[in-house]
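*Asks:* What follows is a single structure, and I will ask about it in a moment.
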Amino acid sequence: MATDTTPPTRRTRSTARTPRPTGSLSAAEGMSRQYDYWLTVLKRTWRGGVVSSFLTPLLYVVAMGVLLGGFIEGDPERLEGATSYLAFVVPGLVASHAMTIAVSETTYPVMGAIKWHKTFYAQLATPLAVRDLVNAFIGFVMFRVASACAVFMLVLAPFGVFATWWGPILAWLSQLLVGFAFSTLVFAYSARLRSEEGFGILFRLGVIPLTLFSGAFFPIGNLGPVLEWVARLTPLWHGVSLSRMFCVDRVDWSLALLHVVVLVVLTVVGWVLAVRNLDRRLET
Amino acid sequence: MAVLDGIPAPLTPGAATKVLVLRNYVVYRGAWKLFITGFLEPVFYLFSIGIGVGQLIDTFEFHGQAIPYAEFVAPAMLATSAFNGALLDSTYNVFFKLKYEKLYDQMLATPLSTGDIARGEIVWGLLRGSVYSAAFLVVMSLMGLTSSWWALLALPATVLIAFAFSAVCMAATTWMKSWQDFDKITLAQMPLFLFSATFFPIEAFGDGVLRWVVEATPLYRGVVLCRELTTGVVTWESGVSVVYLVVMGIIGLAVVRRRLDALLLT
Numbered sequence: 477m478a479t480d481t482t483p484p485t486r487r488t489r490s491t492a493r494t495p496r497p498t499g500s501l502s503a504a505e506g507m508s509r510q511y512d513y514w515l516t517v518l519k520r521t522w523r524g525g526v527v528s529s530f531l532t533p534l535l536y537v538v539a540m541g542v543l544l545g546g547f548i549e550g551d552p553e554r555l556e557g558a559t560s561y562l563a564f565v566v567p568g569l570v571a572s573h574a575m576t577i578a579v580s581e582t583t584y585p586v587m588g589a590i591k592w593h594k595t596f597y598a599q600l601a602t603p604l605a606v607r608d609l610v611n612a613f614i615g616f617v618m619f620r621v622a623s624a625c626a627v628f629m630l631v632l633a634p635f636g637v638f639a640t641w642w643g644p645i646l647a648w649l650s651q652l653l654v655g656f657a658f659s660t661l662v663f664a665y666s667a668r669l670r671s672e673e674g675f676g677i678l679f680r681l682g683v684i685p686l687t688l689f690s691g692a693f694f695p696i697g698n699l700g701p702v703l704e705w706v707a708r709l710t711p712l713w714h715g716v717s718l719s720r721m722f723c724v725d726r727v728d729w730s731l732a733l734l735h736v737v738v739l740v741v742l743t744v745v746g747w748v749l750a751v752r753n754l755d756r757r758l759e760t
Numbered sequence: 002m003a004v005l006d007g008i009p010a011p012l013t014p015g016a017a018t019k020v021l022v023l024r025n026y027v028v029y030r031g032a033w034k035l036f037i038t039g040f041l042e043p044v045f046y047l048f049s050i051g052i053g054v055g056q057l058i059d060t061f062e063f064h065g066q067a068i069p070y071a072e073f074v075a076p077a078m079l080a081t082s083a084f085n086g087a088l089l090d091s092t093y094n095v096f097f098k099l100k101y102e103k104l105y106d107q108m109l110a111t112p113l114s115t116g117d118i119a120r121g122e123i124v125w126g127l128l129r130g131s132v133y134s135a136a137f138l139v140v141m142s143l144m145g146l147t148s149s150w151w152a153l154l155a156l157p158a159t160v161l162i163a164f165a166f167s168a169v170c171m172a173a174t175t176w177m178k179s180w181q182d183f184d185k186i187t188l189a190q191m192p193l194f195l196f197s198a199t200f201f202p203i204e205a206f207g208d209g210v211l212r213w214v215v216e217a218t219p220l221y222r223g224v225v226l227c228r229e230l231t232t233g234v235v236t237w238e239s240g241v242s243v244v245y246l247v248v249m250g251i252i253g254l255a256v257v258r259r260r261l262d263a264l265l266l267t
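If you're matching them up, the sequences are chains A and B in order. Numbering-wise, the first sequence is residues 477 to 760 according to the numbering used here. Numbering-wise, the second sequence is residues 2 to 267 according to the numbering used here.
Laid out in structure tokens, this is it:
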């Protein structure tokens, strides 16, 4: 047994700080070492997610898609190619659901890991680097997004809202892109935030308007020319549009490529910012 | 203030409520951004669903009148925002104060009683909610979505909705043990929000039992009351809704008081 004879004096922060490990592990190794931690988190928290991940969106589908949709004429010209309002609204709802999960998993939990539970500090005391923490965190969030969207899409299949069998699979991948873009960007935002008040603002001025005006519930053409262009600039619209064109099988491949590029670029920018902001935050 | 043998005299219910409301005001002043954005939420819903989705829908019939979709949805947004606000205030916030901040224990060390606390918290919630409702009503009338002077009474109607739900939800909160229990609140909140003839007419439920069930739920009464007032079609049914909500609130308040007694004074 090692005998440590150094008296436990209180050392100042500056002398105690060892050089921060900067990715001595490979990215894959850094992530896989956190596998059991996140598995435990999942085991302890999945129940809480059931209501918000599955039940709430299903209620929306029934209320908005089926019941309200019963009063809306299924005119493909007015509904971006969908033959019923249900078929129109479902791909949009799932895409905005991907955003909601990504955002809610990267707001309070990130602040918790920095400020309340200090999990990040504990993890950094190991060979893990900031980059690895971000990767595993986003990986966990994406597991939640992927599973929730997959279940959602499978449940909706019997409603007859999908035009082809392969469309929903590509739509699911586009929902994952939405999840990637929002989880990395919001992670970057949360890592800078000192108080949770900022989350209330983010939800009310970010998530809710995006959900409502990014073409999930109605074609953005209904917004009028100016607001339509504003909607086109929002990241969620790219995801909604991509998800919908695959589901209703009216794919404009060049537009689809643009959507993918936008979402991928946002993800990369978000990831870089997330790593940088977290690194700075944990230093102070 | 009258002080007898060093023990301050108990406050009158009015004075006690005032103290509590003032306390909440002082605390909330720091979060004014949150306060302002709270108003935007129902307005966003109104623009999105009322205008955006409204363009896909002709008109709905309400008490024999054909009304445009935005005019149909707006009063429902008014009622549901009073409902949502009351629900958040009287569940999460009360739970936090009760369990973590131990705020009520501290208050009870002063001349305040449990009844004062229940009344004070609810009155504060109502005041905050009515500011939102009044602002929303102004937006509605500016957009031409109110068609009668009865609409002025929609403001007291939202206060009534908020009162009924605050009281009942605060009572429910006194039984909660952990944050996980709030799933049950969401479980009640979402169906009420989505199925109380908010986005589509009650006729969508057919003429069977389902429709009767919906008609008997409190938020439906609130939505219909607001819709009757803003469209100016006031009927006996409006009276039923008012009585329903008043009774619901009074029962809730009595339960809150009894529960706070049990939780904090024994």
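Glycine included, every Cβ here is placed at the ideal spot set by N, Cα and C. Being a predicted model, the structure only gives us computed values, none of them experimental.
DSSP three-state label for A601 of chain A, please.
*Replies:* coil
*Asks:* Please check if any C-beta of chain B sits within less than 8 angstroms of the C-beta of M507 of chain A.
*Replies:* no
*Asks:* To which residues of the same chain is A692 of chain A closer than 8 angstroms at the C-beta, ignoring the five residues directly before and after it?
*Replies:* V565, G568, L569, A571, S572, L712 and V716
*Asks:* Between the segment 529 to 536 of chain A and the segment 694 to 705 of chain A, can you find at least three pairs of beta-carbon atoms closer than 8 angstroms?
*Replies:* No contact exists between the segment 694 to 705 of chain A and the segment 529 to 536 of chain A.
*Asks:* Residues of the segment 28 to 46 of chain B in Cβ contact with chain A at a cutoff of 8 angstroms, in chain order, please.
*Replies:* Listed by position, the residues of the segment 28 to 46 of chain B near chain A (Cβ gap below 8 angstroms) are A32, K34, L35, T38, G39, L41, E42, F45 and Y46.
*Asks:* Measuring alpha carbon to alpha carbon, tell me which residue in B:A32, B:D184, B:L211 and B:F200 is nearest V527 of chain A.
*Replies:* B:D184
*Asks:* With a 10 Å radius around its C-beta and 16 neighbouring C-beta atoms as the bar for buried, classify M2 of chain B as buried or exposed.
*Replies:* Note that M2 of chain B scores 48 on pLDDT, short of 50, meaning its location in the model is unreliable; the coordinates nonetheless yield the value given after this. Exposed, since its Cβ has fewer than 16 Cβ neighbours within 10 Å.
*Asks:* At 8 angstroms on the CB atoms, spell out the chain B contacts of V570 of chain A, in chain order.
*Replies:* Simply none; closest approach about 17 angstroms.
*Asks:* Output needed for T488 of chain A: all residues of its chain with C-beta closer than 7 angstroms, excluding positions within five of it in sequence on either side, in chain order.
*Replies:* In this prediction, T488 of chain A has a pLDDT of 44, which is less than 50 and means its spatial position is unreliable; what the coordinates show is noted afterwards. Around T488 of chain A: no qualifying Cβ.
*Asks:* DSSP three-state label for P11 of chain B, please.
*Replies:* The answer is coil: DSSP assigns P11 of chain B none of H, G, I, E or B.
*Asks:* Taking the alpha helix (DSSP H) that I162 of chain B falls in, what are its first and last residues?
*Replies:* For I162 of chain B, the uninterrupted alpha helix (DSSP H) run begins and ends at A155 to T174, by DSSP.
*Asks:* T115 of chain B and L265 of chain B: beta carbons closer than 8 angstroms?
*Replies:* yes
*Asks:* Spell out whether any CB of chain A is found under 8 angstroms from the CB atom of F200 of chain B.
*Replies:* yes
*Asks:* Can you find a CB in chain B that lies within less than 8 angstroms of the CB of M575 of chain A?
*Replies:* no
*Asks:* For N698 of chain A, which residues in chain B fall below 9 angstroms Cβ to Cβ?
*Replies:* Correct list: I52, G53, V54, G55, Q56 and L57.
*Asks:* Along the chain, where does the alpha helix (DSSP H) that runs through L577 of chain A open and close?
*Replies:* The sequence as given places Ile at residue 577 of chain A; Leu does not occur at that position. It spans Y561 to E581 - the alpha helix (DSSP H) in which I577 of chain A sits, taken as one unbroken run.
*Asks:* Could you say if the segment 235 to 252 of chain B and the segment 208 to 223 of chain B meet the contact criterion of at least three C-beta pairs nearer than 8 angstroms?
*Replies:* Pairwise C-beta distances place the segment 235 to 252 of chain B in contact with the segment 208 to 223 of chain B, as three or more of them are shorter than 8 angstroms.
*Asks:* How far does the alpha helix (DSSP H) with T187 of chain B in it reach, from first residue to last?
*Replies:* Note, T187 of chain B: alpha helix (DSSP H), F183 to F196.
*Asks:* When you compare only the Cα positions, how much space is there between M249 of chain B and C170 of chain B?
*Replies:* 11 angstroms
*Asks:* Flag P192 of chain B as yes if its beta-carbon sits less than 8 angstroms from any beta-carbon of chain A, otherwise no.
*Replies:* yes
*Asks:* Can you list, in chain order, the residues of its chain whose CB lies under 6 angstroms from that of L226 of chain B, leaving out five sequence neighbours each side?
*Replies:* A158, S239 and S242
*Asks:* Output, in chain order, the set of chain B residues within a Cβ distance shorter than 7 angstroms of M587 of chain A.
*Replies:* Taking a Cβ-Cβ cut-off of 7 angstroms, M587 of chain A has no neighbours in chain B, whose nearest Cβ is about 16 angstroms from it.
*Asks:* Which stretch, first to last residue, makes up the beta strand (DSSP E) that contains T60 of chain B?
*Replies:* T60 to F63
*Asks:* Residues in the same chain with beta-carbon distance under 6 angstroms from S646 of chain A, minus the five sequence neighbours each way, listed in chain order, please.
*Replies:* In the sequence as presented, Ser is not what sits at residue 646 of chain A; that position holds Leu. Within the same chain, L646 of chain A has close Cβ partners F722.
*Asks:* Would you check if there are 3 or more beta carbon pairs closer than 8 angstroms linking the segment 68 to 80 of chain B to the segment 728 to 741 of chain A?
*Replies:* no
*Asks:* With DSSP as the reference, identify every bridge partner of I68 of chain B, one or two as the case may be.
*Replies:* B:F61
*Asks:* I'd like to check one pair, F96 of chain B with T187 of chain B: are the Cβ atoms closer than 8 angstroms?
*Replies:* no
*Asks:* Using only alpha-carbon positions, find the residue among B:S82, B:S179 and B:G121 that is nearest to V132 of chain B.
*Replies:* Of B:S82, B:S179 and B:G121, the residue nearest in Cα terms is B:S82.
*Asks:* For a test of the three-state rule: what should DSSP assign to A750 of chain A, helix, strand or coil?
*Replies:* helix
*Asks:* Tell me which residues of the segment 620 to 652 of chain A have at least one Cβ-Cβ distance to chain B shorter than 7 angstroms, keeping chain order.
*Replies:* none
*Asks:* Short check: CB of I58 of chain B to CB of F547 of chain A, under 8 angstroms?
*Replies:* yes
*Asks:* Expressed to the nearest angstrom, what Euclidean distance is found between the alpha-carbon atoms of G126 of chain B and L35 of chain B?
*Replies:* 15 angstroms
*Asks:* Let's see if you can read the secondary structure: which residues bound the alpha helix (DSSP H) around Q107 of chain B?
*Replies:* Counting along the chain, the alpha helix (DSSP H) containing Q107 of chain B begins and ends at L104 to L109.
*Asks:* I'd like to check one pair, F200 of chain B with I52 of chain B: are the Cβ atoms closer than 8 angstroms?
*Replies:* No.
*Asks:* Along chain A, in chain order, which residues have C-beta atoms closer than 9 angstroms to that of T187 of chain B?
*Replies:* V527, S528, L531 and T532
*Asks:* Closer than 6 angstroms by C-beta to K591 of chain A: which residues in its own chain qualify, once you throw out the five before and the five after it? Chain order, please.
*Replies:* none
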